[in-house]
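Undergrad: Before we start, here is the structure in question, set down as structure tokens.
Numbering (full-length UniProt numbering), first residue to last: 1 to 210.
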């Protein structure tokens, strides 16, 4: 896989060995939750979009909240796996920042329906927030990022050595999340995507270097 060839949530779902009705329900829920929000979507609408009965929806997921968690559960860890495998070998600061920005913004673009659900619901749904944190811990996301950042600091003395892991992650993720919010949540189109990406890279470098 090349640096910016993305695995999409649809490709991940296609590989899952689950009954057809369950897969159709997950796909329908993804689409409706991203368009209408979790609270604005009924199980009847999901069943109709999936072309299954409501009884089938409840058979597989019991509750709508369980369905929300099942939408995220098999997909999110798989979507981050390739990213860390590619990132761990990038120790030059500018190369690493370039990879992170281009790779993650491409990731946002091709997976925005799933990420839109996560960003919208994690602000108001405590159980979803707890679930995502548990998934992150289970897949060692923070520890992988921490190991890479320590290597990056050692290889690049211009990185501010006083910044801890959380501060560096915030400096890296902040500009990209703001851009994602502009493009995909607020629906404000970019007038010059290449310029926007260049500015994001500069913001990150300015935030983590002396």
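Glycine included, C-beta positions come from ideal geometry on N, C-alpha and C.
In whole angstroms, what is the alpha-carbon distance linking residue 55 and residue 33?
TA: 19 Å
Undergrad: Can you tell me the Cα-Cα spacing of residue 141 and residue 76, whole angstroms?
TA: 11 Å
Undergrad: Determine the direct distance from the alpha carbon of residue 101 to that of residue 197, and round the result to whole angstroms.
TA: 7 Å
Undergrad: Pull up the distance between the alpha-carbon of residue 207 and that of residue 98, whole angstroms please.
TA: 14 Å
Undergrad: Note the first and the last residue of the continuous alpha helix (DSSP H) segment covering residue 14.
TA: 9-15
Undergrad: If we ignore side chains and look at the alpha-carbon of each, how far apart do residue 57 and residue 27 end up?
TA: 12 Å
Undergrad: Hey, could you find the ends of the alpha helix (DSSP H) residue 176 is sitting in?
TA: Taken as a continuous stretch (DSSP letters only), the alpha helix (DSSP H) holding residue 176 covers 165-180.
Undergrad: My assumption, with CB atoms under 8 Å, is that residue 184 sits in contact with residue 83. Please give the rounded CB distance.
TA: Wrong, their Cβ atoms sit about 19 Å apart, outside the cutoff.
Undergrad: Which ranges would you report for the alpha helix (DSSP H) in the UniProt domain "HTH tetR-type" (19-79) if only whole runs of at least 4 residues count?
TA: 20-36, 43-50, 54-61, 64-72
Undergrad: From which residue to which residue does the alpha helix (DSSP H) around residue 98 run?
TA: 93-110
Undergrad: Between which two residues does the alpha helix (DSSP H) carrying residue 155 extend?
TA: 141-155
Undergrad: Measure the alpha-carbon distance for residue 191 versus residue 103 and round it to whole angstroms.
TA: Here the C-alpha atom of residue 191 lies approximately 20 Å from the C-alpha atom of residue 103.
Undergrad: Per the DSSP calculation, residue 159 is bridged to which residue(s)?
TA: 209
Undergrad: Going by C-alpha to C-alpha distance, which of 163, 91, 25, 117 sits closest to residue 45?
TA: Answer by Cα proximity: 25.
Undergrad: Quick check on the DSSP output: the alpha helix (DSSP H) that includes residue 136 runs from which residue to which?
TA: 126-138
Undergrad: Which whole-angstrom value describes the C-beta separation of residue 210 and residue 151, a residue pair presumed to lie in contact below a C-beta threshold of 8 Å?
TA: That pair is no contact at about 18 Å.
Undergrad: Ignore the nearest five residues each way along the sequence and tell me which others in residue 21's own chain have a CB closer than 6 Å to its CB.
TA: Setting aside the 5 residues that flank it on each side, residue 21 is surrounded in the same chain by 52, 56, each with a C-beta closer than 6 Å to its C-beta; the list follows chain order.
Undergrad: Measuring CB atoms only, is the region 198-205 touching the region 165-178, in the sense that at least three cross pairs come out at less than 8 Å?
TA: yes
Undergrad: If you draw a straight line from the alpha carbon of residue 130 to that of residue 120, how long is it in whole angstroms?
TA: 15 Å
Undergrad: Counting only the same chain and skipping the five closest in sequence on each side, list residues whose C-beta sits under 7 Å from that of residue 41.
TA: 32, 33
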